[in-house]
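Residue numbers (this note's numbering): -16 to 459. Note that beta-carbon positions come from the ideal geometry of N, C-alpha and C, so glycine has one too. The structure displayed is predicted, hence computed values, not measured ones.
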Ligand code: AMP
Ligand code: MG
């Protein structure tokens, strides 16, 4: 059994990129989950992760040889307000490994104790958000959405204090190709540290967009935009609401990061918000595409110093890149939604067919996932509508347009299973009582979300009125 063969390329960057420090040990760690499949993908030995030494690493109690723990610094706009210094306030990047396929993986503990970036926080996480992130991030992967992953979760044997009272502490091992955010660029830009900015750009390009020249700031902006547009279109196609699309939670590699207050919608409505701190609906479902372009504009601003000495020219060039956003998003939206109703082309004249369905769903509180799945399988989609005839009228037009729907194709893009909020909540409540069976069942079922699984129809059901979760909390 072998411990991870760590490399530490980020820790070799200049000191101002991070603070070196070990995680803070915890009293009595116990394993909640080890993700064997992911461990193998990463070239790690799942047996070692389950060993005493493995558990000690996953709890932050003892670092294996080669690890070089750091907390990364970044900044960001939170709900539109500028925070000049955020950084890993409760996370430690232990190091990086390379999988058998050559991919790089950062291994990070989240909930592993205070750092210089903790501000008022305790550096810890409790069981609830760790369960939520584990289930949802792995489900996203299976649903085909780029995401940070969950390698493992442990409980710490220590209580932490939250508004609700004392709660069991937990640590998630999050892995990702990097943890670079728009906010990482914003941090060095706001410090007017052009040298660091150039170093960061070269690092980010090598890690995420190796086809680009190491100093191609415009190309990089364009590449991040393309990746993020595809990502957000996928969220939209699954009814996913990120909930905290701050620039520090916008990943440079175009992957989903930060599962604090996220949720999949049950009943569809574009104005839907779950996050308890999003009072004005800034990050509502339907607002996500516009927020993305706002965040990309912040990235563009940060990169300007790297685009040459003629600022006016740089601004114009950056604007030109950002101006492509509208078309890119429209294309990504069609590529997401058209196949959901069996449309194979990309003809703009079909847009109204999708939009008409969505507005009827909104008016009739139709469950997003169940409606599309029923359309895909030829099931009773009309039953999802308060007024079923509202669906019938749409279906009449649809059947004229899609005369021989390909049910296999549609079933491959309209999942049967999503991590429903009320089930996650239930898994957390049962987890608090020491029962992990629902947590484990969710993980198992959600590895195959596009296949009907008759033994688990309860996980397909929309919540009953008393089961509905309307608020999620920022996970801290
Ligand atoms: P988030 O809202 O999760 O994106 O976090 C925003 C910032 O708050 C980041 O710098 C986090 O590291 C920090 N943070 C969140 N929760 C905690 C905590 N419990 N202790 C310390 N820092 C935290
Ligand atoms: Mg965050």
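Which residues in the same chain as residue 158 place their Cβ atom closer than 6 angstroms to its Cβ, once the five residues preceding and following it in sequence are excluded?
-> The beta carbon of residue 158 sits closer than 6 angstroms to those of 88, 90, 132, 134, all from its chain and outside the five residues before and after it, given in chain order.
Touching by the beta-carbon criterion (3+ pairs, under 8 angstroms), the stretch 304 to 311 and the stretch 272 to 283 = Yes: at least three Cβ pairs fall under 8 angstroms.
Does DSSP put residue 350 in a helix, a strand or coil?
-> Note: residue 350 maps to strand in three-state DSSP.
Any idea which residues DSSP pairs residue 65 with across the strands?
-> For residue 65, the pairing in a beta bridge is given by DSSP as 60.
Could you name the residues, in chain order, whose CB is less than 5 angstroms away from a heavy atom belonging to the ligand MG?
-> Counting only beta-carbon distances shorter than 5 angstroms to the non-hydrogen atoms of the ligand MG, the qualifying residues in chain order are 232, 241.
Using beta-carbon positions only, say whether residue 399 and residue 449 come within less than 7 angstroms of one another.
-> Not in contact: residue 399 and residue 449 (Cβ atoms no closer than 7 angstroms).
Given 8 angstroms as the limit, is there contact between the stretch 381 to 393 and the stretch 217 to 228, that is, 3 or more CB pairs closer than that?
-> No: the two stretches stay apart, fewer than three of their Cβ pairs being nearer than 8 angstroms.
Any 3 or more C-beta pairs closer than 8 angstroms across the stretch 359 to 367 and the stretch 393 to 408 = The stretch 359 to 367 vs the stretch 393 to 408: in contact.
Does the distance from the CB of residue 164 to the CB of residue 98 come in under 7 angstroms?
-> Contact annotation: residue 164 and residue 98 have beta-carbon atoms that are not nearer than 7 angstroms.
Which residues bound the alpha helix (DSSP H) around residue 380?
-> Counting along the chain, residue 380 sits inside the alpha helix (DSSP H) bounded by residues 371 to 384.
Span of the beta strand (DSSP E), counted from its first residue to its last, around residue 141 | Taken as a continuous stretch (DSSP letters only), the beta strand (DSSP E) holding residue 141 covers 132 to 145.
Helix, strand or coil at residue 189 according to DSSP, with G and I counted as helix = Helix at residue 189.
Residue 213 versus residue 127 - alpha carbon distance = So the alpha carbons of these two residues sit roughly 11 angstroms apart.
For residue 369, count neighbouring C-beta atoms within 10 Å of its own C-beta (all shown protein chains included) and say buried if the count is 16 or more, exposed if not.
-> Exposed is the label assigned to residue 369, since fewer than 16 other Cβ atoms lie within 10 Å of its Cβ.
Three or more C-beta pairs below 8 angstroms linking the stretch 255 to 275 and the stretch 167 to 176 | Verdict: no, contact absent.
Please name the residue in 37, 1, 10 whose C-alpha comes closest to that of residue 18.
-> Closest option to residue 18, judged by alpha-carbon separation, among 37, 1, 10: 37.
Could you tell me whether the Cβ atoms of residue 110 and residue 151 are closer together than 7 angstroms?
-> Going by beta carbons, residue 110 and residue 151 fall inside the 7 angstroms limit.
Over what stretch of residues does the beta strand (DSSP E) that includes residue 91 continue unbroken?
-> That run of the beta strand (DSSP E) goes 87 to 93.
For residue 1, which residues does DSSP report across the bridge?
-> In DSSP, residue 1 forms a bridge with 55.
Which residues in the same chain have their Cβ closer than 7 angstroms to the Cβ of residue 173, if we skip the five residues on either side of it in sequence?
-> So the list reads 58, 67, once near-sequence residues are dropped.
According to DSSP, which residues form a beta bridge with residue 223?
-> Paired residue(s): 247.
What residue from 440, 71, 219 has the CA that sits closest to residue 247's CA?
-> For the residues 440, 71, 219, the minimum Cα distance to residue 247 belongs to 219.
Kindly indicate which residue of 237, 456, 376 has the alpha-carbon position closest to the one of residue 130.
-> Nearest C-alpha to residue 130: 237.
Mind reading off the beta-carbon distance from residue 434 to residue 125? Whole number of angstroms is fine, and I expect it under 8 angstroms.
-> Not quite, the Cβ-Cβ distance comes to about 10 angstroms (not below 8 angstroms), so this is no contact.
Compute the minimum distance between the beta carbon of residue 461 and the heavy atoms of the ligand AMP, and state whether it is under 6 angstroms.
-> Examination of residue 461 is not possible in this model, given that the chain is present from -16 through 459 alone.
List the DSSP bridge partners of residue 239.
-> Per DSSP, the beta bridge partners of residue 239 are 130.
Whole angstroms is fine: what's the gap from residue 181's alpha carbon to residue 7's?
-> Rounded to the nearest angstrom, the gap between the Cα atoms of residue 181 and residue 7 is 33 angstroms.
Alpha carbon to alpha carbon, how far is residue 200 from residue 290?
-> Rounded to the nearest angstrom, the two C-alpha atoms are 6 angstroms apart.
Taking the alpha-carbon positions, what's the residue 48 to residue 364 distance?
-> A direct Cα-to-Cα measurement between residue 48 and residue 364 gives close to 56 angstroms.
Counting along the chain, where does the alpha helix (DSSP H) carrying residue 412 start and finish?
-> For residue 412, the uninterrupted alpha helix (DSSP H) segment begins and ends at 404 to 415.
Answer yes or no: the CB of residue 145 versus the heavy atoms of the ligand AMP, is any distance below 6 angstroms?
-> No, since every heavy atom of the ligand AMP falls outside the 6 angstroms radius drawn around the Cβ of residue 145.
Test item: CB-CB of residue 15 and residue 138 under 7 angstroms = Remark: C-beta atoms of residue 15 and residue 138 approach each other more closely than 7 angstroms.
May I have the straight-line CA-CA distance separating residue 4 from residue 12, to the nearest angstrom?
-> The straight-line gap from Cα to Cα measures roughly 20 angstroms.
Opposite residue 17 in the DSSP bridges: which residues?
-> Residue 17 pairs with 135.
Per-residue DSSP class, three states only, for residue 437 = The answer is helix: DSSP assigns residue 437 an H, G or I state.
Does the Cβ of residue 243 lie closer than 6 angstroms to at least one heavy atom of the ligand AMP?
-> Short note on residue 243: C-beta closer than 6 angstroms to some heavy atom of the ligand AMP.
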